[in-house]
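Read the structure below first, then the notes.
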Amino acid sequence: MHKQQALLGSQEKKVALGLDAASISRDMALEFLCIDLTHRPTALSFEARENASRNQPCTEILAKSYYIAHTHRTVAVVRSGFDHQMCECLETRNTAVLSLLVSADETADRNEICGDIKSNVKDIASEFSFQPQFKVHVEAVMPEMGRIANSWMEFSTSKKMLKATLKSNKWDYAIYEDYEHHQTLIYDFLSGGRGSCKVDPAMGERLGFYLVPDPPEAGKSPAVTDVLRLTGKSGFGSENIILRKTVTKNQKFRSLKVIQYDSCQKIKTSDNSEAIVKVTHLVSNTKLARTESGTVPVQIVFKGKFVSGPKAKDKDGNLKKTPIEHTYNFFHYTTSVGDDDFQTPVGIVCENRKGPSSFPKPPLYIQFGQEVHDSSTSLLFTLRTIYDKEFNFVTEEFFDPKPGRQAVNRFDDFYAGISYNIDHNTGACFATNISQMTMVNDFVKTKDGKIQMMTPEQFWNIEGVEYHYNGKKHFRGLETEAWIGQDANTGFTYEWYFTFGIQHSMNDDAKSEKSDPHRIPYKRMFWPDNTDKHFSNYYFQVDLTEPPLLIDLSPCYINKKFISLFVAGLTLERVEKDETLVLRRAVTTLTKQLSVPFTRISQPQIAFKGDKGYILFDLLGPPKYSSDLITQHTNQPSLDEVVSTLKKLTDDRSLVFEVGNKEIKGEATYEEFAFSSPEGAGGGYSAGALAGLSLAMVVVGLAAGGGGGYWFFIRH
Numbered sequence: 001m002h003k004q005q006a007l008l009g010s011q012e013k014k015v016a017l018g019l020d021a022a023s024i025s026r027d028m029a030l031e032f033l034c035i036d037l038t039h040r041p042t043a044l045s046f047e048a049r050e051n052a053s054r055n056q057p058c059t060e061i062l063a064k065s066y067y068i069a070h071t072h073r074t075v076a077v078v079r080s081g082f083d084h085q086m087c088e089c090l091e092t093r094n095t096a097v098l099s100l101l102v103s104a105d106e107t108a109d110r111n112e113i114c115g116d117i118k119s120n121v122k123d124i125a126s127e128f129s130f131q132p133q134f135k136v137h138v139e140a141v142m143p144e145m146g147r148i149a150n151s152w153m154e155f156s157t158s159k160k161m162l163k164a165t166l167k168s169n170k171w172d173y174a175i176y177e178d179y180e181h182h183q184t185l186i187y188d189f190l191s192g193g194r195g196s197c198k199v200d201p202a203m204g205e206r207l208g209f210y211l212v213p214d215p216p217e218a219g220k221s222p223a224v225t226d227v228l229r230l231t232g233k234s235g236f237g238s239e240n241i242i243l244r245k246t247v248t249k250n251q252k253f254r255s256l257k258v259i260q261y262d263s264c265q266k267i268k269t270s271d272n273s274e275a276i277v278k279v280t281h282l283v284s285n286t287k288l289a290r291t292e293s294g295t296v297p298v299q300i301v302f303k304g305k306f307v308s309g310p311k312a313k314d315k316d317g318n319l320k321k322t323p324i325e326h327t328y329n330f331f332h333y334t335t336s337v338g339d340d341d342f343q344t345p346v347g348i349v350c351e352n353r354k355g356p357s358s359f360p361k362p363p364l365y366i367q368f369g370q371e372v373h374d375s376s377t378s379l380l381f382t383l384r385t386i387y388d389k390e391f392n393f394v395t396e397e398f399f400d401p402k403p404g405r406q407a408v409n410r411f412d413d414f415y416a417g418i419s420y421n422i423d424h425n426t427g428a429c430f431a432t433n434i435s436q437m438t439m440v441n442d443f444v445k446t447k448d449g450k451i452q453m454m455t456p457e458q459f460w461n462i463e464g465v466e467y468h469y470n471g472k473k474h475f476r477g478l479e480t481e482a483w484i485g486q487d488a489n490t491g492f493t494y495e496w497y498f499t500f501g502i503q504h505s506m507n508d509d510a511k512s513e514k515s516d517p518h519r520i521p522y523k524r525m526f527w528p529d530n531t532d533k534h535f536s537n538y539y540f541q542v543d544l545t546e547p548p549l550l551i552d553l554s555p556c557y558i559n560k561k562f563i564s565l566f567v568a569g570l571t572l573e574r575v576e577k578d579e580t581l582v583l584r585r586a587v588t589t590l591t592k593q594l595s596v597p598f599t600r601i602s603q604p605q606i607a608f609k610g611d612k613g614y615i616l617f618d619l620l621g622p623p624k625y626s627s628d629l630i631t632q633h634t635n636q637p638s639l640d641e642v643v644s645t646l647k648k649l650t651d652d653r654s655l656v657f658e659v660g661n662k663e664i665k666g667e668a669t670y671e672e673f674a675f676s677s678p679e680g681a682g683g684g685y686s687a688g689a690l691a692g693l694s695l696a697m698v699v700v701g702l703a704a705g706g707g708g709g710y711w712f713f714i715r716h
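1 is the number of the first residue of the sequence shown in the UniProt record's numbering; add one for each residue after it.
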């Protein structure tokens, strides 16, 4: 019954159906007029010579309400406020009557437009030999629109996607038929700025480009012959397309020998208009360059008329069945479709686009390198970043491209509110309040002017931004998934790319990364306004394991003391397995036991003297503190007080480190003279000299009072 209701035009004040009044009996007309009264919450009344009161019997009301205009061959239906229950007495016989009335009119239009088309194609599968994907340039000639539009049409069965561009002197559109998620994406590039996008979940929008077929059932992808409207549903109920093949000797078009196929189809538009058209295909089996198939579409013609809906009426709303004749000429047909052909445009937010997953959860800590490209200035610079919300710090290492120059480090300590800038070229250290730093993106200011470290959601541009899925993007040898969103407060647009498939590890599937649930960021694009000018961040060496906490602030402090701790149970085998984790846990233990921030444990290292394992570090004096930090930590013990606490802990055998998993622990013993400070060891290597090594074992000389070498493990 829903179909019959739709044919009556639920959104229109008047619906005129072409009906032969002479063939309709009075009883049939009564039943027909009652259909919408029965099934709509707002009832209908009909043009009549008398008005009926609400308390009259159903049949009497209908008898006074129906009116058939014999001269105009129409039944006019107008909205009113009658109770829909008035006609329940005739409900059971409505469907069959309406079907007869509508189908008779449709059959007449179909015969007039298409004639009697009968199939003479026995086996569609053997009739055509299309490849499962294609790309073709289409010239669309649409006289009633006064337009000749140029388009590229691309389709892939495996990608479950069809793309059609539409360009004219006034239009610049791209239509993406996403069959996997059953949605149509329409991009308008002339709507201002970078363009706009809307999503059609009904997959009915065609922008007048009626060559694009009706979508299949949700989750299914059409075949190439369906896309070219040679097979599939005809539009007439459940009927499939009926093809009539015409082979004319020496029939040619554009110097190509062609075969003609005719069919009758009903096309629908997004405004609920319907047209019945005769579809004529010209295809060629001539082998063309750059194709792997002998079947090539050459031309498709739609010729018919709109039979219902707004496009079938004149300006006064009268039915006139507007003619339609569209010609689609195919050029440059190829079966080569690349990975980039179906990528949706960057920088344009497509609200409510459906996707397989939501925006990835940001990590609590991460390390990564990145190249930053500025499209407006063509500048490029490289840096390496560590973000650790657990220990409240961010480091950035800037690489100077000038020959002979080393990196410059910036360490933002959100425990103290101090930013340390260390120049490895000169050894100089400059410290200032974090709030005084410019071009820094790791803190936010509160309403009272204080600062605090960005949360993971703020650091990854998630807070205040509603992200929408933006499809799969293929670049740098990987397939990624993209999300795009605009900050409601600033108007900034962000587009993020995360690895797809290789979700957990970019470092040879390391065990510690394999179990991490976070997706790996691969690229970020950022637009500060609605122009094409943007920044691109390309991420590499992404590491989601816990940062090693190997922070060296010793150049910034004169007051410091070298510490060597013997740790029972610390073995070479364990250190080789996961030196970073052992060091991070050691620093964590020291900060908790000594009640100091981890920044005072400078340059931690692991060394072995024979089979004895040691943890070495510089213990720094108390840091300065910024007054503009939202949380103050000013009550810090002096260096002497911390050393005294350390000695007491070791004397009491209460300083215990994790040397294996969390169940394997080792007591620490303070051995003040077991090692000399690396910077003071005669003939040895300083920490700076070892900075270029990556997890290497180095012999650094002889210990005072000991024999043999020290094996240092240093991770840069």
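The C-beta atom is built at its ideal place from N, Cα and C for all residues, glycine as well. Computed from a prediction, not measured in an experiment: that's the story for all the values here.
Quick check on DSSP: helix, strand or coil for residue i?
i: residue 263; result: strand
i: residue 274; result: strand
i: residue 585; result: helix
i: residue 114; result: helix
i: residue 49; result: In this prediction, residue 49 has a pLDDT of 28, which is less than 50 and means its spatial position is unreliable; what the coordinates show is noted afterwards. Here residue 49 sits in coil by DSSP.
i: residue 346; result: coil
i: residue 541; result: strand
i: residue 379; result: strand
i: residue 391; result: coil
i: residue 618; result: strand
i: residue 323; result: strand
i: residue 695; result: Caution applies to residue 695, whose pLDDT of 27 falls short of 50 and renders its modelled position unreliable; the value that the coordinates give is listed next. Coil, per DSSP.
i: residue 120; result: coil
i: residue 156; result: strand
i: residue 524; result: strand
i: residue 239; result: coil
i: residue 130; result: coil
i: residue 644; result: helix
i: residue 553; result: coil
i: residue 592; result: helix
i: residue 571; result: coil
i: residue 465; result: strand
Here's the rule: buried if 16 or more other CB atoms are within 10 angstroms of the residue's CB, otherwise exposed. What is residue i?
i: residue 218; result: exposed
i: residue 577; result: exposed
i: residue 358; result: exposed
i: residue 491; result: exposed
i: residue 98; result: With a pLDDT of 41 at residue 98, under the threshold of 50, the modelled position of that residue is not reliable, and the figure given next carries that caveat. When all chains shown are included, residue 98 counts as buried.
i: residue 493; result: buried
i: residue 586; result: buried
i: residue 123; result: exposed
i: residue 284; result: buried
Using only alpha-carbon positions, find the residue among the options that is nearest to residue i.
i: residue 565; options: 594, 607, 546 and 614; result: 614
i: residue 717; options: 527, 452, 437 and 377; result: What the structure shows of the chain is the stretch from 1 to 716, and residue 717 is not part of that stretch, so it cannot be assessed.
i: residue 247; options: 370, 120, 323 and 300; result: 120
i: residue 477; options: 676, 499, 486 and 493; result: 499
i: residue 425; options: 643, 555, 327 and 370; result: 555
i: residue 636; options: 625, 531, 630 and 629; result: 625
i: residue 265; options: 255, 244, 487 and 167; result: 244
i: residue 253; options: 299, 547 and 155; result: 299
i: residue 573; options: 607, 210 and 550; result: 607
i: residue 652; options: 667, 639 and 659; result: 667
i: residue 541; options: 629, 520, 531 and 322; result: 520
i: residue 126; options: 295, 166, 167 and 108; result: 295
i: residue 324; options: 128, 575, 562 and 141; result: 141
Our contact map puts residue i next to residue j with C-beta atoms below 8 Å; I'd like the distance itself, whole angstroms only.
i: residue 599; j: residue 413; result: 5 Å
i: residue 319; j: residue 311; result: Rounded, the Cβ-Cβ distance is 11 Å, inconsistent with contact.
i: residue 594; j: residue 646; result: 6 Å
i: residue 417; j: residue 451; result: 7 Å
i: residue 177; j: residue 166; result: The pair is not a contact, with the Cβ atoms about 13 Å apart (cut-off 8 Å).
With a threshold of 7 Å, establish whether the CB of residue i neighbours any heavy atom of the ligand NAD.
i: residue 548; result: With respect to the ligand NAD, the structure shown offers nothing to examine, as it has no ligands at all.
Can you tell me where the alpha helix (DSSP H) with residue i in it begins and where it stops?
i: residue 428; result: Not the alpha helix (DSSP H): residue 428 falls in the beta strand (DSSP E), residues 428-433.
i: residue 456; result: 456-459
Between which two residues does the beta strand (DSSP E) containing residue i stretch?
i: residue 565; result: 560-567
i: residue 413; result: 408-413
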